[in-house]
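Chains L and X, in that order, are what the protein sequence lines are.
Those letters in the first sequence? Residues 1 to 422, by this note's numbering.
Those letters in the second sequence? Residues 1 to 234, by this note's numbering.
We put the CB at the ideal spot given by N, CA and C, even for glycine.
Report on the structure given below.
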Amino acid sequence: MTLNRRMFLGTGAAAAAVLNAPAVLAESHGKPRVVVIGGGAGGATAARYIAKDSKGAIDVTLIEPSRTYFTCFFSNLYLGGFKEIDDLGHNYGTLAAKYGINVVHDWAVDVDRDAKTVSLAGGGTLPYDKLVLSPGIDFVEGAVDGWDLSAQNAMPHAYKGGSQTELLKAQIAGMPEGGTFAMVAPPNPFRCPPGPYERVSMVAHALKASNPTAKIIVADPKGKFSKQALFQEGWANHYEGMIDWIGEDFGGGNVSVDPNAMTLTIDGEVTDVDVCNVIPAMKAGRIAEMAGVTEGNWAPVNAADMSSKADADVYVLGDASNQGDMPKSGFSANSQAKVCANAVRGALTDSKVFPAKFSNTCWSLIDTNDGVKVGATYEATEEKIAKVDGFISATGESADLRQATYEESEGWYTGITSDMFG
Amino acid sequence: MRLRVLLPAALAAVLAAGAVFGDQFGDAEAGEKVFGQCTGCHEIGDNARDRIGPHLNGIFGRKAAAHDGYRYSKSMQRAGKDGLIWTAETLDAYLENPRALVSKTRMSFRGVKDAQDRANLLAYMRDFSDNPADIPEAEPTARGTDHDVDPAILALEGDPEFGEYLASECLTCHQSDGSADGIPSITLWPTEDFVIAMYAYKRKLRPHPVMQMMAGRLNDEEIAALAAYFKDLE
């Protein structure tokens, strides 16, 4: 079925190249076509909303290599033992069956913006009238001295959900008594600003139970980090003496690793480590670069509709985009996807386009029933997505409130994954 | 001003001019008569016990749903966890319209609509809260504030199509099928309840910071549109 579909669309691509008149073309082929690359918080949401709200008037194809998608958000809770890996896995069955989305499990390997086609690793091309790129992140080569992707089994990044997360958890479980867990934290901007520090909390939670004399070292190129006061208060309360955070001022940015010797060198001092979680500097997922819509590491977009500054028929969502004030988070990507879906529908059908509204909230778990959050609302300006208003949990909050915040985060997980996958 | 209610900025300005209230403090004696509306369910004073509702001794300064031994509704428990504290201001809003503050409260009471009656009632109830620290003198018992949402706003016809777009922002957390694990359901609400609740967040009477922020930037038309969309969402 999928193959036939692709073949049919492939034929259309040739015509597209010849005619080079998208508006007319869309009519001549019946429905306008949207191709979405990446089935995470941005892409799955955009595909679902475009298909759902256009009620079949737009032909939507979603390209995502994974049949089961493991969310990166909440993966720290799996490391801490609060979630099973299966709790984080989702599939695309409902998007295909209920919303009529053509889900293609393949890699997009190239985008031809002149011909308006996407090439797939498995062969064939897909034509589009509008292309939505939501490829997430890749890592900057050479960002951490001594580490590259070939070292990701010895020193996992675990910053994409799935097998890497499982590997890291297994390594933590296998640490010798009193061993050392090290993290190399990334420089700004990166996916999920509180993520590394929630991870430290969750690793500490797991080790406190299984290996209480173990140590945690964090080498950080930054001088400060998201929710720092909340995390540091929590670390002091729950994991006293266990966590050593080495920031910019103490040489946390001057690091190298040796994946064979399992050593981490911070500012010239070599430490033997048992587990080393290297989270390198990040950039937009590679397909954004191949599509030629990136400037530097990220893809600049117009705040009003998330369209690329390089091409009005291409939209970039989530982590890969350079949009202004929003953090790179699943919540942000989901929020941006809805603005984008509204704009794409408006451009391809006669549906109303409403003004952009964006929001984000990030919950983090520090220990059992000790949840904190930070959030903000945003608006589109000429220049960027600009922050309007925000809030953050306070230090010293009551245990009841922290528990309510954690329970709320679980509700959010159910909410956003339903919003993405139907 | 389109609203009869005092919006936060206006409220702050009024509070700054606290002296205005000097002669508007409630009359506890008159309040005792008003309390007659409450005695079917609540006791107050010596030997007061929990009945259909909890007894009300020491209510000022207490967190919602924090009185031991009484079984509160889930909604009231959630309000307490979110940080709702009973002060002159929150009690005033709750007494005026209980569901404006706590959506599914078991207190099925239409509310005391007259501001002076409420002021008197609060002055009476305050006599049974024995910790003066919980009742700062600077916080006037009577404020003459009317929290009711303007009927013209309640009567606004929302555009469900606009509501559907705006609702997509709500549905990142709240679930479209109405389930309520960790985060309350917002589907199938009567529009009036929905609008009243959103204004309670806008005015920060309801305590939740995410909701205060989200509601804070919605205008009358947007709230009406959301209410129109969610009332039929199944």
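{"Item": "Beta carbon proximity, Pro54 (chain X) to chain L, threshold 8 Å", "Value": "no"}
{"Item": "Residues of the segment 348-381 of chain L with Cβ closer than 7 Å to any Cβ of chain X, in chain order", "Value": "Lys352, Phe354, Lys357, Ser359, Thr361, Gly375, Thr377"}
{"Item": "Unbroken beta strand (DSSP E) run spanning Cys276 (chain L), endpoints", "Value": "275-278"}
{"Item": "Assigned exposure category for Ser409 (chain L) - 16 Cβ within 10 Å defines buried", "Value": "buried"}
{"Item": "His205 (chain L) to Ala182 (chain L) span [Cα, whole Å]", "Value": "15 Å"}
{"Item": "Distance CB(Asp419 (chain L))-CB(Leu218 (chain X)) smaller than 8 Å", "Value": "no"}
{"Item": "Val270 (chain L) burial status per 10 Å Cβ neighbour count (16 or more: buried)", "Value": "exposed"}
{"Item": "Within chain X, partners of Tyr69 (chain L) - CB distance below 7 Å", "Value": "In chain order: nothing, as chain X lies at least about 17 Å away."}
{"Item": "Boundaries (first-last residue) of the alpha helix (DSSP H) holding Val144 (chain L)", "Value": "Note, Val144 (chain L): premise wrong, no alpha helix (DSSP H); not H, not E."}
{"Item": "The segment 234-246 of chain L / the segment 147-156 of chain L touching (three or more Cβ pairs under 8 Å)", "Value": "no"}
{"Item": "Chain L residues whose Cβ lies nearer than 9 Å to that of Val102 (chain X)", "Value": "Chain L residues near Val102 (chain X): none, gap ~15 Å exceeds 9 Å."}
{"Item": "Cutoff 8 Å: Arg203 (chain X) Cβ touching any chain L Cβ", "Value": "no"}
{"Item": "Selection from L:Val388, L:Glu295, L:Ala46 that minimises the alpha carbon distance to Asp305 (chain L)", "Value": "L:Ala46"}
{"Item": "Cβ-based burial, Asp249 (chain L) [other Cβ within 10 Å; buried from 16]", "Value": "exposed"}
{"Item": "Complete alpha helix (DSSP H) runs within the segment 44-106 of chain L (minimum length 4 residues, chain order)", "Value": "75-79, 93-97"}
{"Item": "Nearest candidate by alpha-carbon position, reference Pro151 (chain X), set X:Ala123, X:Gln116, X:Asp193", "Value": "X:Asp193"}
{"Item": "Opening and closing residue of the alpha helix (DSSP H) in which Glu383 (chain L) lies", "Value": "Segment: none, Glu383 (chain L) is in no alpha helix (DSSP H) and carries neither H nor E."}
{"Item": "Candidates L:Ser201, L:Asp86, L:Gly174, L:Asp267, of which the one nearest Pro219 (chain L) by Cα", "Value": "Here residue 219 (chain L) is Ala; the residue named in the question, Pro, does not match the sequence. Residue L:Asp267 is the option with its Cα nearest to Ala219 (chain L)."}
{"Item": "Residue-level contact to chain X via CB, Asp86 (chain L), 8 Å cutoff", "Value": "no"}
{"Item": "Tyr354 (chain L) (DSSP reduced to helix, strand or coil)", "Value": "Reading off the sequence shown, one finds Phe at residue 354 (chain L), where the question assumed Tyr. Note: Phe354 (chain L) maps to coil in three-state DSSP."}
{"Item": "Classification of Tyr159 (chain L) by the beta-carbon crowding that lies within 10 angstroms, buried from 16 upward", "Value": "buried"}
{"Item": "Test: Thr172 (chain X) CB closer than 8 Å to a CB of chain L", "Value": "yes"}
{"Item": "4 or more residues per run - each alpha helix (DSSP H) lying fully within the segment 233-303 of chain L", "Value": "286-290"}
{"Item": "In DSSP terms, what Pro127 (chain L) is bridged to", "Value": "L:Thr117"}
{"Item": "For Gln212 (chain X) and His238 (chain L), the rounded distance between their alpha carbons", "Value": "30 Å"}
{"Item": "Rounded C-alpha distance that separates Glu139 (chain X) from Glu233 (chain L)", "Value": "Only weak support is given to the placement of Glu139 (chain X): the predicted model assigns it a pLDDT of 44, under 50, and the value that follows is read from those uncertain coordinates. In a straight line, the C-alpha of Glu139 (chain X) is about 33 Å away from that of Glu233 (chain L)."}
{"Item": "Residue range of the beta strand (DSSP E) that includes Met183 (chain L)", "Value": "180-184"}
{"Item": "DSSP-derived helix/strand/coil call for Phe230 (chain X)", "Value": "helix"}
{"Item": "Chain X contact residues for Glu408 (chain L), given Cβ-Cβ distances below 7 Å", "Value": "Gly182, Ile183"}
{"Item": "Interface flag, Arg217 (chain X) vs chain L, CB-CB below 8 Å", "Value": "yes"}
{"Item": "Min CB distance Ala292 (chain L) to chain X below 8 Å", "Value": "This sequence places Gly at residue 292 (chain L); Ala is not what is there. No, no contact with chain X."}
{"Item": "Within-8 Å CB hit, Asn74 (chain L) to chain X", "Value": "Just to set this straight, residue 74 (chain L) is Phe in the shown sequence, not Asn. False, the Cβ-Cβ gap to chain X never drops below 8 Å."}
{"Item": "Among L:Val200, L:Asp400, L:Glu383, L:Thr361, nearest to Lys373 (chain L) - alpha-carbon criterion", "Value": "L:Thr361"}
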